[in-house]
Amino acid sequence: MRKTLLRTEKLCKSFSSGGIQQHVLKNLDISLMEGDFTVIMGSSGSGKSTLLYALSGMDKPSLGDIHFEDTNLSRLSNDQLAVFRRNNCGFVFQQIYLLDNMSVLDNLLASGLLVNKNKQAVAAKAKQLLIQVGLDEASWGKFPSQLSGGEAQRAGIVRALINSPRIVFADEPTGALNSASSSSVLDVMSGMNRNGQSIVMVTHDIKTALRGNRILYLRDGMIRGDLALEAFDLRHYDMRQTRLTAFLAEMGW
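Numbering of the sequence shown is given in the working numbering, commencing with residue 42 and proceeding in unit increments.
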(Lines of atoms letter the chains of each structure in order from A and count residues from 1; the text may use other names and numbers.)
(Lines give C-alpha, C1' and ligand atoms only; values in the text may rest on other atoms or scores of the structure.)
Protein backbone atom coordinates (compact mmCIF):
# COMPACT_ATOMS: atom_id res chain seq x y z
CA MET A 1 0.00 0.00 0.00
CA ARG A 2 1.31 3.44 -0.94
CA LYS A 3 1.84 5.92 1.83
CA THR A 4 1.88 9.69 2.19
CA LEU A 5 5.41 10.97 1.76
CA LEU A 6 4.89 14.72 2.04
CA ARG A 7 1.97 16.78 3.29
CA THR A 8 1.24 20.39 4.15
CA GLU A 9 -1.14 21.93 6.67
CA LYS A 10 -2.38 25.49 6.11
CA LEU A 11 0.82 26.34 4.24
CA CYS A 12 1.26 30.08 3.65
CA LYS A 13 4.08 32.09 2.15
CA SER A 14 4.21 35.88 2.07
CA PHE A 15 6.77 38.40 0.90
CA SER A 16 7.09 42.06 1.74
CA SER A 17 7.74 44.37 -1.19
CA GLY A 18 7.83 48.13 -0.78
CA GLY A 19 6.04 47.85 2.53
CA ILE A 20 3.22 45.84 0.93
CA GLN A 21 2.63 42.23 1.97
CA GLN A 22 2.20 39.85 -0.94
CA HIS A 23 0.53 36.53 -0.12
CA VAL A 24 1.94 34.01 -2.60
CA LEU A 25 0.70 30.74 -1.04
CA LYS A 26 -2.58 30.67 0.88
CA ASN A 27 -3.56 27.94 3.34
CA LEU A 28 -2.53 24.99 1.21
CA ASP A 29 -3.39 21.47 2.39
CA ILE A 30 -1.64 19.00 0.08
CA SER A 31 -0.76 15.32 0.44
CA LEU A 32 1.80 13.78 -1.93
CA MET A 33 2.00 10.00 -2.16
CA GLU A 34 5.15 7.95 -2.37
CA GLY A 35 5.87 6.90 -5.94
CA ASP A 36 3.79 9.64 -7.55
CA PHE A 37 4.98 11.87 -10.38
CA THR A 38 3.27 15.10 -9.32
CA VAL A 39 3.25 18.06 -11.70
CA ILE A 40 2.53 21.60 -10.51
CA MET A 41 1.12 23.92 -13.17
CA GLY A 42 -0.26 27.44 -13.24
CA SER A 43 0.22 30.78 -14.90
CA SER A 44 3.26 32.97 -14.29
CA GLY A 45 3.20 34.35 -10.75
CA SER A 46 0.80 31.70 -9.45
CA GLY A 47 3.30 30.48 -6.85
CA LYS A 48 4.52 27.27 -8.54
CA SER A 49 8.23 27.64 -7.80
CA THR A 50 7.53 29.12 -4.37
CA LEU A 51 5.55 25.99 -3.52
CA LEU A 52 8.30 23.72 -4.85
CA TYR A 53 10.96 25.47 -2.76
CA ALA A 54 8.79 25.26 0.35
CA LEU A 55 8.01 21.56 -0.13
CA SER A 56 11.71 20.76 -0.61
CA GLY A 57 12.89 22.65 2.48
CA MET A 58 14.78 25.18 0.37
CA ASP A 59 12.58 27.94 1.76
CA LYS A 60 10.59 28.19 4.96
CA PRO A 61 6.86 28.92 4.98
CA SER A 62 5.50 32.05 6.64
CA LEU A 63 2.81 29.99 8.37
CA GLY A 64 1.71 26.38 8.45
CA ASP A 65 3.54 23.08 8.52
CA ILE A 66 5.26 20.78 6.04
CA HIS A 67 5.60 17.15 7.11
CA PHE A 68 7.99 14.73 5.44
CA GLU A 69 6.69 11.48 6.90
CA ASP A 70 7.16 12.07 10.66
CA THR A 71 9.47 15.09 10.32
CA ASN A 72 8.01 18.59 10.52
CA LEU A 73 10.28 20.56 8.21
CA SER A 74 8.85 23.84 9.48
CA ARG A 75 10.44 23.20 12.87
CA LEU A 76 13.96 22.52 11.58
CA SER A 77 16.81 25.01 11.67
CA ASN A 78 18.57 26.02 8.46
CA ASP A 79 21.44 23.62 9.24
CA GLN A 80 19.00 20.79 9.93
CA LEU A 81 17.17 21.53 6.67
CA ALA A 82 20.46 21.36 4.77
CA VAL A 83 21.11 17.89 6.21
CA PHE A 84 17.55 16.83 5.43
CA ARG A 85 17.84 17.94 1.79
CA ARG A 86 21.20 16.23 1.37
CA ASN A 87 19.89 12.92 2.70
CA ASN A 88 16.39 12.87 1.23
CA CYS A 89 16.07 15.15 -1.79
CA GLY A 90 17.40 15.42 -5.31
CA PHE A 91 17.09 18.58 -7.40
CA VAL A 92 16.88 19.14 -11.16
CA PHE A 93 16.71 22.75 -12.35
CA GLN A 94 16.43 24.51 -15.70
CA GLN A 95 19.98 25.73 -15.10
CA ILE A 96 22.24 22.69 -14.79
CA TYR A 97 24.60 24.08 -12.11
CA LEU A 98 27.38 21.56 -12.77
CA LEU A 99 30.80 22.91 -11.79
CA ASP A 100 32.57 24.06 -14.95
CA ASN A 101 36.09 23.24 -13.74
CA MET A 102 35.29 19.60 -12.97
CA SER A 103 34.53 16.67 -15.26
CA VAL A 104 31.08 15.12 -15.34
CA LEU A 105 32.23 12.19 -13.21
CA ASP A 106 34.02 14.42 -10.72
CA ASN A 107 30.89 16.56 -10.37
CA LEU A 108 28.96 13.44 -9.41
CA LEU A 109 31.65 12.26 -7.01
CA ALA A 110 31.64 15.64 -5.27
CA SER A 111 27.89 15.32 -4.64
CA GLY A 112 27.95 11.65 -3.70
CA LEU A 113 30.81 11.94 -1.24
CA LEU A 114 28.79 14.40 0.83
CA VAL A 115 26.72 11.42 2.00
CA ASN A 116 28.80 8.32 1.31
CA LYS A 117 32.53 8.52 2.05
CA ASN A 118 33.27 5.33 0.12
CA LYS A 119 34.66 6.82 -3.09
CA GLN A 120 34.76 3.49 -4.91
CA ALA A 121 31.10 2.80 -4.17
CA VAL A 122 30.05 6.32 -5.20
CA ALA A 123 32.02 6.09 -8.45
CA ALA A 124 30.47 2.72 -9.28
CA LYS A 125 26.98 4.07 -8.67
CA ALA A 126 27.68 7.23 -10.71
CA LYS A 127 28.88 5.17 -13.67
CA GLN A 128 25.86 2.86 -13.45
CA LEU A 129 23.48 5.83 -13.42
CA LEU A 130 25.30 7.56 -16.29
CA ILE A 131 24.85 4.45 -18.42
CA GLN A 132 21.18 4.26 -17.43
CA VAL A 133 20.50 7.83 -18.63
CA GLY A 134 22.34 7.20 -21.91
CA LEU A 135 25.68 8.91 -21.26
CA ASP A 136 28.49 6.63 -22.39
CA GLU A 137 32.01 6.51 -21.02
CA ALA A 138 33.32 8.98 -23.62
CA SER A 139 31.36 11.77 -21.89
CA TRP A 140 32.36 11.03 -18.30
CA GLY A 141 35.67 12.87 -18.48
CA LYS A 142 34.29 15.89 -20.35
CA PHE A 143 33.66 19.26 -18.77
CA PRO A 144 30.03 20.45 -18.68
CA SER A 145 30.72 23.05 -21.39
CA GLN A 146 31.65 20.21 -23.76
CA LEU A 147 28.23 18.56 -23.45
CA SER A 148 25.05 19.32 -25.35
CA GLY A 149 22.15 20.77 -23.37
CA GLY A 150 20.38 17.41 -23.22
CA GLU A 151 23.55 15.59 -22.15
CA ALA A 152 24.23 18.13 -19.43
CA GLN A 153 20.68 17.86 -18.10
CA ARG A 154 20.92 14.06 -18.02
CA ALA A 155 24.14 14.45 -16.03
CA GLY A 156 22.21 16.80 -13.76
CA ILE A 157 19.59 14.10 -13.25
CA VAL A 158 22.31 11.64 -12.25
CA ARG A 159 23.58 14.18 -9.74
CA ALA A 160 20.04 14.40 -8.34
CA LEU A 161 19.93 10.59 -7.99
CA ILE A 162 23.44 9.92 -6.73
CA ASN A 163 22.44 9.89 -3.04
CA SER A 164 19.31 7.75 -3.57
CA PRO A 165 16.82 10.50 -2.67
CA ARG A 166 13.37 9.70 -1.40
CA ILE A 167 11.99 12.46 -3.61
CA VAL A 168 13.24 14.45 -6.62
CA PHE A 169 12.18 18.07 -7.15
CA ALA A 170 12.39 19.46 -10.68
CA ASP A 171 11.82 23.09 -11.68
CA GLU A 172 11.26 23.49 -15.45
CA PRO A 173 13.86 20.77 -16.21
CA THR A 174 13.31 20.97 -19.98
CA GLY A 175 12.81 24.74 -20.20
CA ALA A 176 16.17 25.41 -21.90
CA LEU A 177 16.23 22.33 -24.14
CA ASN A 178 15.21 21.71 -27.74
CA SER A 179 12.45 19.23 -28.55
CA ALA A 180 14.68 16.18 -29.05
CA SER A 181 16.70 16.82 -25.88
CA SER A 182 13.50 17.46 -23.92
CA SER A 183 12.07 14.12 -24.99
CA SER A 184 15.21 12.23 -23.97
CA VAL A 185 15.30 13.93 -20.56
CA LEU A 186 11.59 13.26 -19.99
CA ASP A 187 12.08 9.62 -20.97
CA VAL A 188 14.73 9.37 -18.25
CA MET A 189 12.41 10.93 -15.68
CA SER A 190 9.52 8.65 -16.69
CA GLY A 191 11.84 5.68 -16.29
CA MET A 192 12.85 6.89 -12.84
CA ASN A 193 9.20 7.09 -11.84
CA ARG A 194 8.42 3.62 -13.20
CA ASN A 195 11.18 2.35 -10.92
CA GLY A 196 9.42 3.91 -7.92
CA GLN A 197 11.08 7.32 -7.72
CA SER A 198 8.81 10.03 -6.27
CA ILE A 199 8.99 13.23 -8.32
CA VAL A 200 7.51 16.71 -7.93
CA MET A 201 7.94 18.88 -11.01
CA VAL A 202 6.99 22.45 -11.90
CA THR A 203 6.36 23.14 -15.58
CA HIS A 204 4.36 25.39 -17.90
CA ASP A 205 4.74 22.96 -20.82
CA ILE A 206 1.90 20.56 -21.64
CA LYS A 207 4.14 17.90 -23.22
CA THR A 208 6.29 17.88 -20.09
CA ALA A 209 3.26 17.79 -17.79
CA LEU A 210 1.90 14.74 -19.60
CA ARG A 211 4.58 12.64 -17.90
CA GLY A 212 2.95 13.10 -14.49
CA ASN A 213 0.25 10.91 -12.99
CA ARG A 214 -1.13 13.81 -10.92
CA ILE A 215 -1.52 17.44 -12.00
CA LEU A 216 -2.04 20.19 -9.43
CA TYR A 217 -3.18 23.52 -10.85
CA LEU A 218 -2.21 26.57 -8.84
CA ARG A 219 -3.85 29.98 -9.23
CA ASP A 220 -3.46 32.98 -6.92
CA GLY A 221 -1.61 30.85 -4.39
CA MET A 222 -4.33 28.21 -4.05
CA ILE A 223 -4.92 24.77 -5.56
CA ARG A 224 -7.78 25.21 -8.01
CA GLY A 225 -7.68 21.80 -9.65
CA ASP A 226 -6.33 18.28 -9.09
CA LEU A 227 -6.24 15.84 -12.03
CA ALA A 228 -5.39 12.16 -11.60
CA LEU A 229 -3.91 10.30 -14.57
CA GLU A 230 -2.66 6.77 -15.07
CA ALA A 231 1.08 6.15 -15.13
CA PHE A 232 2.60 7.49 -18.36
CA ASP A 233 2.21 5.15 -21.32
CA LEU A 234 3.11 6.33 -24.81
CA ARG A 235 0.40 4.09 -26.28
CA HIS A 236 -2.26 6.24 -24.60
CA TYR A 237 -0.62 9.58 -25.39
CA ASP A 238 -3.47 11.11 -27.42
CA MET A 239 -6.14 10.26 -24.85
CA ARG A 240 -3.89 11.56 -22.08
CA GLN A 241 -3.28 14.81 -23.94
CA THR A 242 -7.02 15.26 -24.51
CA ARG A 243 -7.74 14.85 -20.79
CA LEU A 244 -5.01 17.26 -19.73
CA THR A 245 -5.97 19.85 -22.34
CA ALA A 246 -9.61 19.74 -21.20
CA PHE A 247 -8.54 20.06 -17.56
CA LEU A 248 -6.35 23.08 -18.30
CA ALA A 249 -9.12 24.73 -20.31
CA GLU A 250 -11.44 24.27 -17.33
CA MET A 251 -8.81 25.89 -15.13
CA GLY A 252 -8.60 28.91 -17.46
CA TRP A 253 -5.12 28.06 -18.77
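Glycine included, every Cβ here is placed at the ideal spot set by N, Cα and C. Treat the numbers as computed from the prediction; the structure is a model and nothing was measured.
Bridge partners - residue i, DSSP secondary structure assignment
i	result
A211	V133 and M242
D106	E50
T249	Per DSSP, none; premise fails for T249.
H64	S55
N113	H108
L73	L47
F78	I240
Alpha carbon of residue i to alpha carbon of residue j, nearest angstrom
i	j	result
L73	S55	23 Å
I264	G86	14 Å
A179	Q173	14 Å
A164	L171	10 Å
L268	M292	11 Å
S222	G60	43 Å
Q135	R207	21 Å
A290	D274	23 Å
Closest residue to residue i among the options (Cα-Cα distance)
i	options	result
A287	L251, R260 and S225	L251
H277	N254, G86 and L289	N254
G153	S205, F184, G175 and F125	S205
L257	T45, C53, K51 and L92	L92
A211	V241, E110, S115 and A217	V241
Y138	A193, L176, A95 and H108	A193
Boundaries (first-last residue) of the beta strand (DSSP E) holding residue i
i	result
K183	Premise fails: K183 is in no beta strand (DSSP E) and is neither H nor E.
S223	That residue, S223, is in no beta strand (DSSP E); its alpha helix (DSSP H) goes S220 to R235.
First and last residue of the uninterrupted alpha helix (DSSP H) at residue i
i	result
D267	Segment M263 to A269 is the beta strand (DSSP E) holding D267; no alpha helix (DSSP H) there.
R260	Where R260 is concerned, there is no enclosing alpha helix (DSSP H), although the beta strand (DSSP E) it sits in stretches over R255 to R260.
Beta carbon proximity, residue i to chain B, threshold 8 Å
i	result
C130	Although the question refers to chain B, the structure presented lacks it and comprises just one protein chain.
beta-carbon residue i near the ligand MN non-hydrogen atom, thresh 7 Å
i	result
S90	Judged by which ligands are present, the structure shown has none, so any question about the ligand MN falls away.
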